[in-house]
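Peer 1: First the structure, then my questions, so here it is.
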Amino acid sequence: MKSSPKAYNVLKFKPIGEPKVSIIIPFKDKADVLKNCLESIEQKSSYKNYEIILVNNRSQEQETFDYLQNVNHKVIDADIDFNFSKLNNMAADIAQGEYLVLLNNDMEVISPDWIESSLGLAQLKQVGAVGAKLLYSNDRIQHMGMVKRTNGDLCHVNIKVRSNKAGYKNYNRLIREFMCVTGACIIVSKDKYLQVGGLNEELAVSCNDTDFCFRLMDAGYHNLYNPHCALYHFESLSRRGVCESSISQEGAYQAETWQKYLDDDIFYNLNFTGRYFN
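Convert by adding 488 to the 1-based position in the sequence shown; the result is the number in my numbering.
Printed below as a string of structure tokens:
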């Protein structure tokens, strides 16, 4: 525990032992993006007991195949239409780790202790998904948890706020509970992942991460934002050209299925304005 500005205490939960962690990264081509992600994990991560499972979803570029020949990680081929949920579930089925990290390929590690700082939280029996502090390349916040807006939609809170800002009651710097965290970077125990059925394969493009978090809540678990797990997220580099009608249908499914949570976000005071704690 150490002091943070404005006299708040900052807690870090050290993991018990060194359990194996399986990092699951779906991708399609964009070898340069994948290379940047993998090199940042390999060179910056202080936690070493991990495996990386790359899920190749119909890559076509020769540059990608050339790069994969020199990668010392598991690669599984998924010759299916894009389905984010199924891609992750396929890898989870063969993962050897006790804990899973679901990670987009357009990421770059910032915090060397990004794995262990979240692993210590994920080991707590009451904790479900642990989300990360994700930044745009200009060091502004892309994700630190999701909240319900007044129109009923979920949105990322404090988006585009400078990452060095403490924020209201130091919220940007403290471990906090949210209904949902983004699936771009989640750590969760494999047992809990399987307990709730993994990601919902009926939600191929969107809402699969929030649906997963809601199912963890239904099972009695708490989803957390961990500010000590920081990565750059070069958002939209992962996938382009998704079907807008699918997104609309999946959003409608979420609104109908999880109305009991969306009606009342107990972790966000509606007196705050829109996307921000202010």
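We put the CB at the ideal spot given by N, CA and C, even for glycine. As the structure is a prediction and not an experimental result, all values here were calculated from the model.
#1: Answer with buried or exposed for ARG650, where buried requires no fewer than 16 other C-beta atoms within 10 angstroms of its C-beta.
#2: Contact between the region 562-572 and the region 651-670: three or more CB pairs below 8 Å?
#3: Going by DSSP in three states, CYS701 sits in which element: helix, strand or coil?
#4: Just to confirm, are CYS673 and LEU609 a CB contact at a threshold of 9 Å?
#5: Assuming PRO503 contacts LEU588 under a Cβ cut-off of 8 Å, what Cβ separation, rounded to an integer in Å, is found between them?
#6: Below 8 Å, how does it come out for the region 574-585 and the region 533-540: are there three or more Cβ pairs, yes or no?
#7: Which partner residues does GLU549 have in the DSSP bridge list?
#8: With respect to 8 Å, is the separation between the Cβ of GLU690 and the closest non-hydrogen atom of the ligand FAD below this value?
#9: List the DSSP bridge partners of MET578.
#10: Are the region 704-722 and the region 618-631 touching by the rule of at least three beta carbon pairs closer than 8 Å?
#11: Taking 6 Å as the limit between beta carbons, can you name the residues of its chain near PHE501, skipping five residues before and five after?
#12: Is the region 662-678 touching the region 625-643, taking contact as three or more C-beta pairs under 8 Å?
#13: Which residue marks the beginning of the alpha helix (DSSP H) containing LYS680, and which one marks its end?
#14: Reducing DSSP to helix, strand and coil, say where LEU687 ends up.
Peer 2: Quick answer:
#1: Taking the first residue of the sequence shown as position 1, residue 650 is located at position 162. Only exposed fits ARG650, as fewer than 16 other CB atoms lie within 10 angstroms of its CB.
#2: Between the region 562-572 and the region 651-670, the count of Cβ pairs shorter than 8 Å is below three; the stretches do not touch.
#3: Working through the sequence shown from its first residue, we reach residue 701 at position 213. Of the three classes helix, strand and coil, the one that applies to CYS701 here is helix, per DSSP.
#4: As a first step, residue 673 is located in the sequence shown; it is residue number 185 there, counting from the start. As a first step, residue 609 is located in the sequence shown; it is residue number 121 there, counting from the start. No, the pair does not count as a contact, with Cβ atoms beyond the cut-off.
#5: Taking the sequence shown and counting its residues from 1, the one referred to as residue 503 is at position 15. Taking the sequence shown and counting its residues from 1, the one referred to as residue 588 is at position 100. The pair is not a contact, with the Cβ atoms about 14 Å apart (cut-off 8 Å).
#6: By the C-beta criterion, the region 574-585 is judged to be in contact with the region 533-540, since at least 3 inter-stretch pairs fall below 8 Å.
#7: Looking up residue 549 in the sequence shown gives position 61. Beta-bridge analysis with DSSP links GLU549 to no other residue.
#8: Absence of the ligand FAD from the depicted structure is noted, as is the absence of any ligand whatsoever, leaving it without description.
#9: Residue 578 sits at position 90 when you count from the first residue of the sequence shown. None; MET578 has no bridge partner.
#10: The region 704-722 and the region 618-631 touch, with no fewer than 3 CB-CB distances between them shorter than 8 Å.
#11: As a working note, residue 501 is residue 13 in the sequence shown. For PHE501, where only same-chain residues beyond five positions count, the Cβ hits under 6 Å are GLY608, LEU609.
#12: Here the region 662-678 makes contact with the region 625-643; the two share three or more CB pairs at distances below 8 Å.
#13: Within the sequence shown, residue 680 is the residue found at index 192, counting from 1. Per DSSP, LYS680 is one residue of the alpha helix (DSSP H) stretching across 678-683.
#14: For this step, residue 687 is matched to residue 199 along the sequence shown. Note: LEU687 maps to coil in three-state DSSP.
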